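In my numbering, the protein residues as written are 99 to 552. These notes are about the structure you will find just below.
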Ligand SMILES: [Zn+2]
């Protein structure tokens with residue numbers, strides 16, 4: 099058994115953190131979560147805690163990053179020349195994609211997932227579509243890229259939901275994949291399913307899920323095949339939705355309806371489905387998502403970076419869509435920043451304050467993300483849950499003097515001092531215990547961005 103004494107811990111159903119909480123775990127599961135100041139006088143606690151690891155600051159459940167494309171991290175800081183938009187950014191992203199193979203992707207993803215661990219992320223949903231070799235030729239193991247991501251997460255010490263993504267067409271009109279996109283394609287949804295069926299990693303830190311890249315990339319008549327596969331296997335299904343108005347316009351032109359309506363008509367929506375972004379839904383789309391209890395994952399720092407816009411997030415939550423958060427393109431890897439952006443972006447949109455409570459922000463970053471990724475046993479500091487503990491210091495230049503309840507409005511990823519995943523320490527004293535994160539990021543990014551002629 100391992101015991102920790104958290105100076106403050108954010109317990110389920112509490113409006114604010116609780117002081118002096120003894121947390122115990124055996125075999126990676128929480129076995130007791132006891133607020134000492136409620137159950138006994140504060141001074142009595144000290145004697146019974148001899149072997150407990152002290153966690154000064156605020157301890158929260160593991161943060162779940164519900165939307166990631168690990169290789170996009172290589173683009174950070176490289177896409178700001180001139181006046182690029184989403185589509186010019188995408189061209190640069192394709193250039194990196196052409197340089198990746200299972201070895202270089204393992205090195206890059208390992209460093210990126212270790213950066214996430216440093217930020218307090220204990221579980222990531224990898225929306226994975228870079229499946230095949232150059233020109234679309236499968237590797238000898240057609241799931242070699244998936245295997246590299248699973249290994250990368252193991253090295254970084256975090257859990258992974260591998261959202262194996264169907265990416266079959268180059269546009270809403272069903273145009274064939276061209277150029278770098280050919281590496282993403284399996285031909286059709288049945289062949290996508292056959293490849294994924296052949297991949298069943300046994301490791302405990304990984305679960306599978308399915309993804310539809312978008313209505314741009316999966317023809318309408320094949321949407322139900324992917325959704326049906328996820329449903330039969332009881333796995334989460336994710337889909338990029340209405341990130342750009344151009345997607346809505348193209349969908350209306352070809353199908354005469356919005357992307358959300360198209361997904362609804364083909365059985366894609368529901369409580370096991372997560373719509374990623376949902377930045378430009380109509381009022382009817384918001385109702386379709388909420389009534390079907392479809393989850394919504396917003397990625398505010400990426401949506402800001404790509405000039406996508408701000409979605410009606412409060413309205414979607416009120417309509418019935420549980421929220422989660424993703425760092426997506428990894429322009430920023432900081433779920434505190436993503437969480438407070440829920441509130442901040444609504445303030446900019448409405449010129450009013452007070453849209454989300456602190457508990458709603460914590461919920462989106464923790465239990466909401468884990469649920470979207472198929473880990474119903476993680477994201478709460480409660481008996482029986484996975485022993486994921488993320489501790490944020492309250493004595494840094496950013497957080498000193500901040501009341502614990504305000505930590506999600508003040509802390510950054512750099513304030514995370516300790517991370518425990520499934521009972522195992524991964525980060526201590528603000529350092530990753532097995533990965534030299536800055537050095538590995540530098541080297542892995544250099545390997546996939548070096549100029550051909552240098
Ligand atoms: Zn994405």
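Ideal Cβ positions, reconstructed from N, Cα and C, are used throughout, including at glycine. Computed from a predicted structure; not experimentally measured.
{"Asked": "Boundaries (first-last residue) of the alpha helix (DSSP H) holding residue 165", "Found": "Looking at the DSSP string, residue 165 is not in any alpha helix (DSSP H); the run it does join, the beta strand (DSSP E), is 161–166."}
{"Asked": "Rounded C-alpha distance that separates residue 175 from residue 414", "Found": "32 Å"}
{"Asked": "Lining residues of ligand 1 - beta-carbon closer than 6 Å to any non-hydrogen atom, in sequence order", "Found": "165, 167, 225, 338, 374 and 426"}
{"Asked": "Local conformation of residue 378 per DSSP, three classes", "Found": "coil"}
{"Asked": "CB contact flag (residue 542, residue 147, <8 Å)", "Found": "no"}
{"Asked": "Proximity of residue 338 and residue 312 at Cβ, strictly below 8 Å", "Found": "yes"}
{"Asked": "Helix, strand or coil at residue 108 [DSSP, three-state]", "Found": "coil"}
{"Asked": "Whole-Å CB distance - residue 521 paired with residue 259, under 8 Å assumed", "Found": "Not quite, the Cβ-Cβ distance comes to about 20 Å (not below 8 Å), so this is no contact."}
{"Asked": "Span of the alpha helix (DSSP H), counted from its first residue to its last, around residue 190", "Found": "184–195"}
{"Asked": "Chain-order list of residues whose beta-carbon lies under 7 Å from that of residue 360 (same chain, five-residue window excluded)", "Found": "313, 318, 349 and 353"}
{"Asked": "Residues bridged to residue 489 [DSSP beta-bridge criterion]", "Found": "157 and 516"}
{"Asked": "Runs of alpha helix (DSSP H) lying entirely within the region 249–318, each at least 4 residues, in chain order", "Found": "287–295"}
{"Asked": "Residue 225 - containing beta strand (DSSP E), residue span", "Found": "219–226"}
{"Asked": "For residue 345, the nearest candidate out of 328, 271, 408 and 308 (CA to CA)", "Found": "271"}
{"Asked": "Residue 393, buried or exposed, once every other Cβ within 10 Å from all chains shown has been counted against 16", "Found": "buried"}
{"Asked": "Nearest to residue 422 (by Cα), restricted to the options 168, 222, 214 and 171", "Found": "222"}
{"Asked": "Cβ neighbour criterion (16 or more within 10 Å) applied to residue 178", "Found": "exposed"}
{"Asked": "Residue span of the alpha helix (DSSP H) that contains residue 349, given as start and end", "Found": "343–353"}
{"Asked": "Same chain only: Cβ atoms within 6 Å of residue 487, ignoring 5 sequence neighbours per side", "Found": "157 and 518"}
{"Asked": "Given 8 Å, three or more beta-carbon pairs between the region 227–243 and the region 502–511", "Found": "no"}
{"Asked": "Beta-carbon gap between residue 198 and residue 224 smaller than 8 Å", "Found": "no"}
{"Asked": "For residue 482, the nearest candidate out of 129, 523, 452 and 249 (CA to CA)", "Found": "129"}
{"Asked": "Where residue 532 falls, given that 16 or more other Cβ within 10 Å makes a residue buried", "Found": "exposed"}
{"Asked": "The region 272–280 / the region 213–221 touching (three or more Cβ pairs under 8 Å)", "Found": "no"}
{"Asked": "Opening and closing residue of the alpha helix (DSSP H) in which residue 411 lies", "Found": "411–417"}
{"Asked": "Other residues of its chain near residue 406: CB distance less than 6 Å, five sequence neighbours each side excluded", "Found": "341 and 377"}
{"Asked": "Residues that DSSP places opposite residue 426 in a beta bridge", "Found": "166"}
{"Asked": "Neighbourhood of residue 388 by C-beta distance below 8 Å, restricted to the same chain and skipping five residues each side", "Found": "414, 416, 417, 418 and 419"}
{"Asked": "Between the CA atoms of residue 450 and residue 426 - distance to the nearest angstrom", "Found": "27 Å"}
{"Asked": "Segment contact, 8 Å Cβ cut-off, at least three pairs: the region 236–248 with the region 289–300", "Found": "yes"}
{"Asked": "Exposure of residue 183, with buried meaning 16 or more beta-carbon neighbours within 10 Å", "Found": "exposed"}
{"Asked": "Those runs of the beta strand (DSSP E) which lie wholly inside the region 460–507 and span at least 3 residues", "Found": "487–490"}
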